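Residue numbering for the sequence shown follows full-length UniProt numbering, beginning at 1 and increasing consecutively.
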Amino acid sequence: MNDLPSPSQILEELADKVAAQIQRLAPVSFEAALGELISYHRFLLSANASTGPDGVPFNYAEVAGMEWNAPHHQWNRQYRRLYENAVDQLMTDQSFFRSLTHVPSRLLPHRGEPALSAAVLRSILDIGPMYAHRLEAWVTRHAVSEEGHKRRPSLQGLQRKVYSDVVTDVVGTWESLLDHAPTLFDWRDREAKSDHEQWERLRASWPYLWQHLTNTAYLLAVAVWNDDEIGSKFYRDALVRWGMHLGEEGHSAYHLARPRLLFPDVFSHKWNDALLSIEPLVHPRMPPPTPSGLFKLAKRNAHNDTVLITSALVAYWSMGKKQGSELAANTSWALLNRQASEPDDEDDMPGVGKTSFRHILLDLMRLEQAGRRFEKDTYGAQLDGLVSSLDNMTERRVVAGRVFTPSTLHGRHGLLTAFVAFLLALVPASGDDGLGDQIVGISQSPDVLPEGDLSLRNAVHELQRIVGALSPPAESVQQAARFFNDQFDNSKSVAALDQILNTSINAIEAARSARLEAAPIDESKVERIRSRAQSKILAPREQIRLFRDFKIEKAAADHTVKPFVARFTGVDKAQFVEPPMDDPSASYDEIVVSRIENAAGAHLWGLFCQKGKEGFAIDHKIEDEAFWNGIRSVAAKVGPEPILLVSRRAEGRSLRRFVYAERGDVPPPMSISTTGFGSGLPSYLATVEGIHVCGADFPEGTAWLFSSKHLSTIRYHALDEAEHYVSVAYEPVAKTKGEIVAKFSQTAVWKEFPIFELQVTDPEDV
């Protein structure tokens, strides 16, 4: 059995036969060999096809097993060298390459054959970029040989004619892959009568369509990166026309109040859940959209996003001098304006013409609503992946195995400078192009946004990023804006854009502030803090401030004890409404609880400070051995583990100099340590002669001597019949600001140990 060839080996042998026929320039034998290769490849995919428990197609060729790559990826790689052989024969016979560009469509299943999984279908579509790279390599090689090492090499004569013919066929073959979608996913099956059945078939096609769309953008990016003017024109045309192949009519935009806010994330839901997810977007007096209408609208929005991102990326290349010629800038602007390759064709294309400032800025805000950075399995993550994929071809050469910082983009946020250049080139000389009404409408209806008020905060953050990029705009941004608009005036355009952006930010924040002011406090959030604070202060612990070995007890209400009130000011109301109107912090509750706990400790210390103390004077400085001899007998009276609390500024500073002085081989005259039991005390300085010395904000010459076990018991008295030992409330102070008010009733039981207040000689006295 081990001697039998594997499927990959059989495919490799079949591919060898195809390559041999290309080298022999034998087109008839080539077609026969290619047919045999594709037939076996189709057999493998069909034989491995299955369905999961949920009925979704699955393919065992997706399982990598012990290999680095899944089998279907290894099978696809067999075609790479065929494309390399075929492009070498372009000047002799283009039929080899033309036939090979049909491989993806020939691998797709026919009606009645087992359905292929989404992963396998995407990998079949990835064959397109594979042959595009080989074709661009041929262009680059021949352009350099004809023109020499110029800034912008180009093909000449017959080579130009051959390449133009080939790339035209390549684009047409690539676009025809979209025509397979209705058959692959049974869109026109008349048995699918219910909306649920129609929606299931439509949404099952989205991974295929998205892969085709993003690969179309990739084909354009490859051509631009390789300075291929001819290919860039045709691939740009393919990207602009992408939606027309599947029909944009009847996309039901009129059903939705905010059609721009429909994202492909809707495809993750079944039909009823999809309708619920878009309910805030539907006009109140309009019927819900049909599955076909909703599908087309979400597809159109994704197409617009891809066009905008691709335009920005190639503009970014031009602005960053990654691409030396003007091709990137020209392509970016033409793509942004949806310009077809032939001007006469634009009359038949929807949405063609000069793009508007308002649409670009609203589309940028839409991109910010698509999902947060580093989130997985969201449309936003797919857009970030698109940016990373397109820019990855510009990565510099690196040594394998070394750790290095990538020089490429990882998401939408890296395209800021390109977006700013677009806006500066399009900003109106007066007015705001109707943007203000749109902004007000959105800010007053956060329910239509994917994440409500959080989406508004993200929009404000993006607008503020753009404002920040205007102070002042980088030279590359100004140059790009001037290239896109020869009437560009830097000072006027920057001032106009800055005003529009700040007006938009203020409009959003005003609407948010009004909504926040009217929102009620979510008492469950306050109660959560109260409960955590109570659990915290009642929990047993080893130490509070300078005290150890004590008990914490609950006690009945005692009206003779005045409750202690702690106020924490400057608290944003936004944290205490639902849904929250401020970025939630995982540690916010813990911070408040910690402040309440610290307030309880401070109150306990205040009770201790009120206790009577016995006076004791000593005529020595703290760094003198006589000082410690003088208080040794007094320290024995205060109880176990004595603590000396001294002035942090005077005695503390002097003691540090004494403890850390360089003495050479001379041992210190006293027992001195800076570790051990005392090191856990706040403001700990050192342990001298068994006495733990700590610093405090005392006046110079004053010190307290007491036992760390002076405290016996802490009691918290119930505040109400519900046996709450801590109460917490949010009290408004201003419209959107307030205070956290915490209250507890605390008493302490002390041991009958004396406390000495020492009058010490000021170490600064001479």
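Think of the CB as a built atom: it goes at the ideal place given N, C-alpha and C, for glycine as much as any other residue. Computed from a predicted structure; not experimentally measured.
Could you check where the alpha helix (DSSP H) with residue i kicks off and where it finishes?
i           : result
Arg42       : Pro27 to Ala47
Asp618      : What sits at residue 618 in the sequence shown is Ile, not Asp. Here Ile618 belongs to no alpha helix (DSSP H); instead the beta strand (DSSP E) covers Glu614 to Ile618.
Gly630      : Glu625 to Ala635
Ala599      : Tyr588 to Cys609
residue 770 : Nothing can be reported for residue 770, as the shown portion of the chain is limited to 1 through 766.
Pro57       : Looking at the DSSP string, Pro57 is not in any alpha helix (DSSP H); the run it does join, the beta strand (DSSP E), is Pro57 to Asn59.
Phe419      : Leu416 to Leu426
Val166      : Gly157 to Ser176
Ile278      : Premise fails: Ile278 is in no alpha helix (DSSP H) and is neither H nor E.
His196      : Asp195 to Ala204
Phe97       : Ser95 to Leu100
I'd like the list of long-range same chain contacts for residue i, defined as Cβ closer than 8 Å, with 5 residues on each side in sequence excluded.
i      : result
Glu13  : Pro5
Gly468 : none
Leu281 : Leu256, Ala257, Arg258, Pro259, Leu261, Leu262 and Val448
Asp165 : Gln94
Val224 : Ser232, Val314, Trp317, Gln323, Leu327, Ala328 and Thr331
Ser46  : Pro109, Glu113 and Pro114
Asp433 : Ser356, Phe357 and Arg358
Below 7 Å CB to CB, which residues in the same chain sit around residue i once its five sequence neighbours on both sides are set aside?
i      : result
Arg396 : Ser407
Thr378 : Asp265 and Gly371
Asn381 : A small correction: the amino acid at residue 381 is Ala; Asn does not occupy that position in the sequence shown. Here the set comprises Gly371 and Glu375.
Ser123 : His72, His73 and Asn76
Ser277 : Val266 and His269
Phe234 : Val167, Thr168, Val171 and Ser341
Ala635 : Pro642, Ile691 and Leu705
So what does residue i bridge to, in DSSP terms?
i           : result
Cys694      : Leu645 and Tyr684
residue 771 : Limits of the chain in this structure are 1 at one end and 766 at the other, which puts residue 771 out of reach.
Lys735      : Paired residue(s): none; Lys735 is not in a bridge.
Val749      : Thr713
residue 767 : Nothing can be reported for residue 767, as the shown portion of the chain is limited to 1 through 766.
Glu553      : Arg715
Ser673      : Thr687
Thr51       : Pro57
Leu256      : Val282
Which same chain residues end up closer than 6 Å to residue i when comparing Cβ atoms and leaving out the 5 residues on each side of it in sequence?
i      : result
Lys150 : Low confidence applies here, because Lys150 scores a pLDDT of 44, under 50, leaving its location unreliable and the question unanswered by this model.
Ala496 : Val427
Ser647 : Phe698 and Glu700
Ala298 : Leu262, Pro264 and Val266
Ala555 : Arg715 and His717
Leu308 : Asp363
Report buried or exposed for residue i, applying the criterion of at least 16 other Cβ atoms within 10 angstroms of its Cβ.
i      : result
Met365 : buried
Gln21  : buried
His559 : exposed
Val56  : exposed
Ala557 : exposed
Ser745 : buried
Thr101 : buried
Lys751 : exposed
Gly52  : exposed
Lys296 : buried
Arg412 : buried
Cys609 : exposed
Pro584 : exposed
Ser679 : exposed
Ala15  : buried
Gln575 : buried
Can you give me the start and stop residues for the beta strand (DSSP E) that residue i sits inside?
i      : result
Ala504 : Note on residue identity: the sequence assigns Ser, not Ala, to residue 504. Per DSSP, Ser504 belongs to no beta strand (DSSP E); it is in the alpha helix (DSSP H), Asn490 to Ala518.
Trp704 : Thr702 to Ser707
Leu719 : Looking at the DSSP string, Leu719 is not in any beta strand (DSSP E), and its letter there is neither H nor E.
Glu689 : Neither: Glu689 is in no beta strand (DSSP E) and is coded neither H nor E.
Leu758 : Phe756 to Val760
Quick check: the Cα distance between residue i and residue j, rounded to an integer number of angstroms?
i      : j      : result
Ala221 : Ser311 : 10 Å
Glu200 : Arg81  : 38 Å
Ser594 : Pro732 : 21 Å
Gln534 : Asp522 : 19 Å
Phe30  : Ala334 : 40 Å
Leu409 : Val399 : 20 Å
Arg528 : Ala722 : 16 Å
Met319 : Phe422 : 12 Å
Glu197 : Trp206 : 15 Å
Verify the CB distance criterion: does residue i have a CB-CB separation below 8 Å to chain B?
i      : result
Phe564 : Reference to chain B is not applicable here, since this structure consists of a single protein chain.
Could you tell me whether any non-hydrogen atom of the ligand NAD is closer than 7 Å to the CB of residue i?
i      : result
Arg402 : The ligand NAD is not among the ligands present in this structure, which contains no ligands whatsoever.
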